[in-house]
Amino acid sequence: MPTTMGSFGDTNASDATLTLAAADAAGATDSGGTVTVTGGAGGATSGAGGAASMTGGVGTAGNSAGGLSKIVGGAGQGSAAGGAAQVTGGAGGATGDGGAVTITGGAGGATSGTGGAATLTGGAGTNGNAVGGAATVTAGAGQGTAAGAVASLVGGASGTGATGNGGAAQVTGGAAASTNGSGGSVVLTPGAKTGTGIAGGTFLRSATAMHFGQRAAQVDLTDAAQVLTAAQMINGIVVHTVTTGRTLTTPTGAQISAGCPAALAVGDCFYLHVITVGTGADDISTLTAGDGNVTFVGRVTVGPDSANNNGYGTWLFRNTGANTWVGYRIG
């Protein structure tokens, strides 16, 4: 393995580097040589293994920045995949714990410097219509009867001063950069059960926290038979002002599905809230299916808005297959 070292005698030399490079492949189909940096083994009884460190150089003059430290997998050629870049904690002994892997942004300066960000980003798809690489955080699997480890995303704690706020923990789907592209969904999927076990749940857990969600503003419909759009219907609040009986027709099953994100799966649901404004005895809105792929369970009428009747209704629409939906009257 060739080892090259820059000049260290000249204190102004910017090229005073130590380069470790494995030999190039000798033949057309041979692999390149491996470069390995390994800490020394510990003593035979209880000595700890030596650390293997790679640290960027310190910026020492004025406002000079610290040097970059990189671990980069090798680039692939042609249709070959790029080389993986791996950081793996050491294996534990017979009863010892495995070594942790920590990625931490650098601390901010002593007065007002912001701490450095820690970023985990999948590789970009760069050619034609290539898909970007996934970014995955997965906790370790348990063995035997032990539970799997928790995967945590935790906002940073505030400073100890009187007014500091804790940092938010955010999960954001990817934004569409194309002309008419859809945004990426945020999908929370509990773990699947095995046998007679219970599937994992999704919990919003705090006795004092305030839970918020956002909805589009109400859709005001005039005194006529109306055909809803998927956008008006999905988690919508529809206010229908009538002076006689009118129909509210849903989109077709295919149109409802087309109005949903690409992550839609069987069993996914949304709410539709209808408020009928009109106090006459026949001031009633009647929900009607856009086609045979939309069906209902329960009453489909709302109104009149009087002391003896409810002028509002809520349906839970559940996807039951390719472009098929069932609306359950739940309120």
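Under our numbering, the first residue of the sequence shown carries the number -3, and numbering increases by one thereafter. From the three backbone atoms N, C-alpha and C, an ideal C-beta is built for every residue, glycine too.
- Taking C-beta atoms as the reference points, SER281 and VAL238 count as a pair closer than 8 Å.
- Under the DSSP assignment, SER253 falls in the alpha helix (DSSP H) whose first and last residues are 249 to 254.
- Counting the other CB atoms within 10 Å of its CB gives MET206 a total below 16, which places it among the exposed residues.
- If the five residues before and after HIS269 are omitted, its C-beta is found closer than 6 Å to the C-beta atoms of ILE233 and THR310, all from its own chain and listed in chain order.
- Nearest Cα to ALA145 within the set GLY155, GLY152, SER154 and THR134: THR134.
- Residue pairing from DSSP places ILE233 in a beta bridge opposite HIS269.
- Separation of GLY299 and THR159 (C-alpha to C-alpha, rounded to the nearest whole angstrom) is 51 Å.
- If you draw a straight line from the Cα of ALA61 to the Cα of GLY72, it is about 31 Å long.
- The region 285 to 300 makes no contact with the region 256 to 265: fewer than 3 CB pairs, one atom from each, lie closer than 8 Å.
- With fewer than 16 neighbouring CB atoms inside 10 Å of its own CB, VAL167 falls in the exposed class.
- Between ALA96 and GLY85, the C-beta gap is smaller than 8 Å, which places the two residues in contact.
- Less than 8 Å separates the beta-carbon of HIS236 from that of GLN222.
- In the three-state reduction of the DSSP assignment, GLN222 falls in the strand class.
- Between GLY163 and GLY151, the C-beta gap is smaller than 8 Å, which places the two residues in contact.
- Judged by DSSP secondary structure, ASP301 falls outside any beta strand (DSSP E); it is assigned neither H nor E.
- The C-beta distance from GLY307 to THR272 rounds to 5 Å, short enough to fall under 8 Å.
- By a beta-carbon distance limit of 8 Å, GLY35 does not contact ALA19. Their separation comes to about 23 Å.
- When the beta-carbon positions are compared, GLY255 and ASP287 stay at least 8 Å from each other.
- If the five residues before and after VAL83 are omitted, its C-beta is found closer than 8 Å to the C-beta atoms of ILE67, VAL97 and ILE99, all from its own chain and listed in chain order.
- In this structure, GLY104 lies near THR110, with their beta-carbon atoms less than 8 Å apart.
- Separation of ASN176 and ALA147 (C-alpha to C-alpha, rounded to the nearest whole angstrom) is 34 Å.
- Judged by their CB atoms, VAL127 and GLY136 are not nearer to each other than the 8 Å cut-off.
- Beta-bridge annotation (DSSP): SER154 is not paired with any residue.
- The closest CA to that of ASP279, considering only ASN305, GLY323, GLN228 and GLY78, is found on ASN305.
- Contact check for ALA113 against GLY101 passes: the beta carbons are separated by less than 8 Å.
- Assignment of beta-bridge partners to LEU260 by DSSP yields no partner.
- Only exposed fits ASN161, as fewer than 16 other CB atoms lie within 10 angstroms of its CB.
- Distance check between ALA165 and each of ALA153, ALA172 and SER174 places ALA153 closest, using alpha-carbon atoms only.
- Exposure of MET50 is indicated by the presence of fewer than 16 other C-beta atoms within 10 angstroms of its C-beta.
- If you look at GLY323, you'll find it in the beta strand (DSSP E) that goes 320 to 325.
- Exclusion of the five residues before and after GLY197 leaves PRO186 as the residues of its chain whose Cβ lies within less than 6 Å of its Cβ.
- Excluding its 5 nearest sequence neighbours in each direction, THR117 has C-beta neighbours in its own chain below 7 Å: ALA131, listed in chain order.
- By the CB criterion at 8 Å, PHE313 and GLY327 fall outside the cutoff.
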